[in-house]
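To start, the structure under review is shown below, and the notes come after it.
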Amino acid sequence: MIVVVDYNVGNVQSVRNALDYLGIEDALSADPAVLLGADGIILPGVAAFGFAMRQLGDLGRVVREAALGGTPLLGICVGHQLLFERSDELGEHAGLGLVAGRIVPIPRQAGLSIPHMGWNAVQPDGPMDLFEGLGPQEHFYFAHSFYAEVTDPEARVAWVDYGGRRVASVQKGNIYGVQFHPEKSAPVGLHVLRNFEALCRRRPHVAG
6 MIVVVDYNVG NVQSVRNALD YLGIEDALSA DPAVLLGADG IILPGVAAFG FAMRQLGDLG
66 RVVREAALGG TPLLGICVGH QLLFERSDEL GEHAGLGLVA GRIVPIPRQA GLSIPHMGWN
126 AVQPDGPMDL FEGLGPQEHF YFAHSFYAEV TDPEARVAWV DYGGRRVASV QKGNIYGVQF
186 HPEKSAPVGL HVLRNFEALC RRRPHVAG
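Note that my numbering has the sequence shown beginning at 6, numbered continuously upward.
Encoded structure:
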């Protein structure tokens, strides 16, 4: 079962609706035992970084433990940003530290609307699990003002062009993040969620 982290930070129901549409078994939970026993975890979020980390609270340690133990983890939007070490949004805040890098604001430029809202093409920098079976520049729905500067040598990334190349997705082992909203990205977004579910099903189960 895929467990969606219940920490009262946005877009949870839209993510669950997408999973239900795909026929993927899921649960919404803040129970550490449920999260640690999950086949996969989704960390959604629509909020400021610092607020999201405060809301996550002690569950952050649980999510870290699960991910470091091999459970597939997918961060969406702010959930994607929380995977990194730090953020500069409204002050400096520590993240989960699962991927080396920092969350920074999209630089303001003439003619560039911030937040970045709407559909844009995503270009994976080589093979990436979440984009398997998709074209090289599929369009996804974005809504954000900050993005990840990835410094982790073990991470693979996908890019979006918005006033320059910005990270749209990251993959480090069993840890995945997408800055866009797959649950709002029509068939290609559902394909990403289906790919994540397939990764969770392939995870070997350890007898307790």
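Using N, Cα and C, we set each Cβ at its ideal position, and we do this for glycine too.
Here the structure is a predicted model, which means the values were calculated and not measured.
- Query: Hey, out of I29, V39, A35 and P120, whose CA is closest to D63's CA?
  - Reply: The sequence position of residue 63 within the sequence shown is 58, counting from 1. For the residues I29, V39, A35 and P120, the minimum Cα distance to D63 belongs to A35.
- Grab me the residues of D25's own chain with a C-beta within less than 6 Å of its C-beta, minus the 5 sequence neighbours each way, in chain order. By 1-based counting over the sequence shown, the position of residue 25 is 20. Answer for D25: no residue qualifies.
- Where N16 and F185 are concerned, what is the direct C-alpha to C-alpha distance, given to the nearest angstrom? Taking the sequence shown and counting its residues from 1, one reaches residue 16 at position 11. Taking the sequence shown and counting its residues from 1, one reaches residue 185 at position 180. Straight-line Cα distance between these residues: approximately 12 Å.
- Beta-carbon separation (whole angstroms), G55 vs E94, contact threshold 8 Å: Sequence index remark: in the sequence shown, residue 55 carries index 50 (1-based). Sequence index remark: in the sequence shown, residue 94 carries index 89 (1-based). With a Cβ gap of about 7 Å, G55 and E94 count as contacting.
- Item | Range covered by the alpha helix (DSSP H) that runs through Y26 | The residue you call residue 26 lines up with position 21 of the sequence shown. Per DSSP, Y26 belongs to the alpha helix (DSSP H) from V17 to Y26.
- Task: Quickly, what does DSSP pair H215 with across the bridge? List them, please.
- Result: For residue 215 there is no data in the structure shown, the boundaries of the chain being 6 and 213.
- Task: Could you check the C-alpha separation between N179 and G116 for me, to the nearest Å?
- Result: Looking up residue 179 in the sequence shown gives position 174. Looking up residue 116 in the sequence shown gives position 111. Distance between the alpha carbons of N179 and G116: 38 Å.
- In chain order, what residues of the same chain have a beta carbon less than 8 Å from the beta carbon of Q60, not counting five sequence neighbours either side? By one-based count along the sequence shown, residue 60 stands at place 55. Taken in chain order, the residues that qualify are Y12, N13, V14 and A52.
- Query: Taking L1 as the reference, which of K177, G100, F145 and R161 has the closest Cα?
  - Reply: Limits of the chain in this structure are 6 at one end and 213 at the other, which puts residue 1 out of reach.
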